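Enquirer: In terms of full-length UniProt numbering, the sequence shown has 115 at position 115, counting the first letter as 1, and numbering is strictly consecutive. Each residue gets a CB set at the ideal place from its N, CA and C atoms; glycine is no exception. Quantities reported herein were computed from a predicted structural model and do not represent experimental measurements.
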Amino acid sequence: MKAIIIGGGIGGLTTAIALQQRGWHYEVYEAAPEYKAVGAGLLLGANAMKVYQRLGIADDLARRGGHLEKVYIKDYKGNILQQIDNNLLEQQYGCRSLPIHRATLQAALLEQLQQPVSTGKKCIAVTEAPDSVIACFDDGSEAKGDILIAADGIRSAVREYYIGSQGYRYSGQTCWRATINMDLPAAEQLNSAEVWGKGNGVRASFMHVGGNEVYFWFTKKLPENTPFTGEEALALIRRDLADFSGHMQEVTAHLTPSLLIHSDLYDLAPIRKWHKGRVVLLGDAAHATTPNLGQGASQAIEDAYVLADCLSSHPDHEAAFRHYAAKRLARTHKIVRISWQLAQVTNWKGACAVGIRNFLLRSVPTGVAKRQLDFIYNIDL
Ligand SMILES: Cc1cc2nc3c(=O)[nH]c(=O)nc-3n(C[C@H](O)[C@H](O)[C@H](O)COP(=O)(O)OP(=O)(O)OC[C@H]3O[C@@H](n4cnc5c(N)ncnc54)[C@H](O)[C@@H]3O)c2cc1C
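1. In the DSSP assignment, the beta strand (DSSP E) including residue 324 goes from what residue to what residue?
2. Do residue 268 and residue 168 have their C-beta atoms closer together than 8 Å?
3. Can you name, in chain order, every residue of its own chain whose Cβ lies under 8 Å from the Cβ of residue 253, other than the five neighbours on each side?
4. Alpha carbon to alpha carbon, what distance is there between residue 4 and residue 292?
5. Bridge partners of residue 298, per DSSP?
6. Return the chain-ordered list of same chain residues with a C-beta closer than 7 Å to the C-beta of residue 320, the five sequence neighbours on each side being excluded.
7. What residue from 245, 220, 243, 244 has the CA that sits closest to residue 233's CA?
8. Excluding sequence positions up to five away, which residues of its chain have a Cβ less than 6 Å from the Cβ of residue 2?
9. In whole angstroms, what is the alpha-carbon distance linking residue 63 and residue 108?
10. Between which two residues does the alpha helix (DSSP H) holding residue 374 run?
11. Express the C-alpha separation of residue 121 and residue 20 in angstroms, rounding to a whole number.
12. What is the rounded straight-line gap between the Cα of residue 65 and the Cα of residue 105?
13. For the candidate residues 345, 236, 381, whose alpha-carbon lies nearest to that of residue 196?
14. First and last residue of the alpha helix (DSSP H) that includes residue 287?
15. In chain order, what residues of the same chain have a beta carbon less than 6 Å from the beta carbon of residue 171, not counting five sequence neighbours either side?
16. Could you name the residues of the same chain whose beta carbon sits closer than 6 Å to that of residue 30, not counting the 5 residues immediately before and after it, in chain order?
17. So, are the CB atoms of residue 277 and residue 128 less than 8 Å apart?
18. Output the residue ranges of the alpha helix (DSSP H) runs that lie fully inside the stretch 135 to 205 and measure 4 residues or longer, sorted by chain position.
19. Is there contact here, the stretch 210 to 219 with the stretch 93 to 102, by at least three beta-carbon pairs under 8 Å?
20. In angstroms, rounded to a whole number, what distance separates the CA positions of residue 55 and residue 43?
21. Examine ligand 1 and report whether any of its heavy atoms sits within less than 7 Å of the Cβ of residue 9.
What follows is the structure, given as structure tokens:
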């Protein structure tokens with residue numbers, strides 16, 4: 001059996017590795033002309049690391065990424081609102097969350113593949129014959145397989161062309177990310193805080209992602225498509241974070257306009273139809289979420305494992321797709337919903353609203369916090 005995988009991002013590459021390990025043939029087609037060592041960092045949840053543990057690459061990734069002991073949510077004065085102990089995650093769920101640069105992760109995943117990714121191949125259409133599916137690319141070429149896995153991200157062309165969606169939702173927040181080369185003091189490397197400002201969506205964080213690389217991000221509530229030059233963005237970031245305590249000022253002092261990657265934050269309005277005929281959606285193409293829970297990539301990684309497992313354990317692709325969707329839909333939709341609600345809470349403004357918000361966050365009962373952690377990290381693959 002051969003799978004055509006459209007999209008060589010985190011979801012597509014992980015799916016290729018999972019299928020390879022189960023003896024499937026696959027071809028990965030990526031629209032970008034080449035893989036570049038650019039981009040920002042991300043936190044791979046302990047749930048994603050459990051998948052990589054099963055695929056036998058968790059140790060390799062851990063060697064390449066950073067090492068976090070604690071992840072906090074703090075207010076801008078440095079008061080702790082919530083915390084997650086990474087050692088405790090490891091004890092309770094068998095894996096710890098891993099901060100890593102996207103390019104580092106991508107390189108590690110690519111090294112696992114026995115079949116090179118075809119780059120410069122933008123899928124623009126899909127057709128089905130009774131016993132095969134064909135992907136058509138913008139250079140006029142085609143690829144034929146038994147099934148097609150659309151892992152082409154939130155703006156999935158395959159989904160829009162072949163299955164359909166309910167459109168995108170703007171979260172009200174825009175985001176700048178950067179990777180900075182700097183040496184953080186050891187204590188700052190071990191802990192990371194997502195720091196919440198005085199409302200209006202202002203939040204910022206930095207974390208060590210391995211080597212001397214530090215991943216920084218900043219969000220703010222702003223109208224969609226508000227234009228910024230790099231200089232204007234940097235001035236805004238420094239102004240909004242001027243009274244943030246701790247090491248934040250040193251990190252923002254290292255930022256330059258050209259380091260900043262700007263994106264408005266959207267999700268995909270939840271859809272229930274994830275497959276049609278020989279085509280199935282995966283990762284952001286199926287359930288893109290806002291990044292407030294830091295779970296988008298982790299969910300794509302879970303999808304990859306579960307889909308490969310279903311394809312290997314069911315007699316035909318239709319049964320496999322049905323079981324995959326049944327196993328993944330409710331969980332991913334819940335992640336999308338909670339993440340969306342979190343964005344709205346951070347959009348509150350005014351001292352009173354922010355005070356209440358922070359009080360509520362500090363007062364989350366231990367049992368509720370434990371149930372949240374269980375939901376995210378105690379996964380049934
Ligand atoms: C600001 C921000 C911070 C985030 N932080 C985190 C985090 O800390 N942890 C986390 O788990 N997640 C995080 N995420 C979410 C995460 O980035 C995504 O959920 C994840 O990248 C989804 O992987 P994917 O493979 O489904 O899609 P993508 O990573 O978008 O990959 C899709 C790939 O398909 C290619 N492609 C697109 N169209 C075509 C086409 N027509 N033909 C061929 N190829 C195509 C693209 O070039 C791309 O390589 C964050 C997202 C944002 C915006």
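Expert: On the basis of the data shown:
1. No beta strand (DSSP E) contains residue 324, which is instead part of the alpha helix (DSSP H) from 317 to 347.
2. yes
3. none
4. 31 Å
5. Per DSSP, none; premise fails for residue 298.
6. 310, 311, 314
7. 220
8. 25, 145, 146
9. 11 Å
10. 366 to 377
11. 21 Å
12. 8 Å
13. 345
14. 284 to 287
15. 265, 290, 343
16. 8, 117, 119
17. yes
18. 186 to 190
19. yes
20. 19 Å
21. yes
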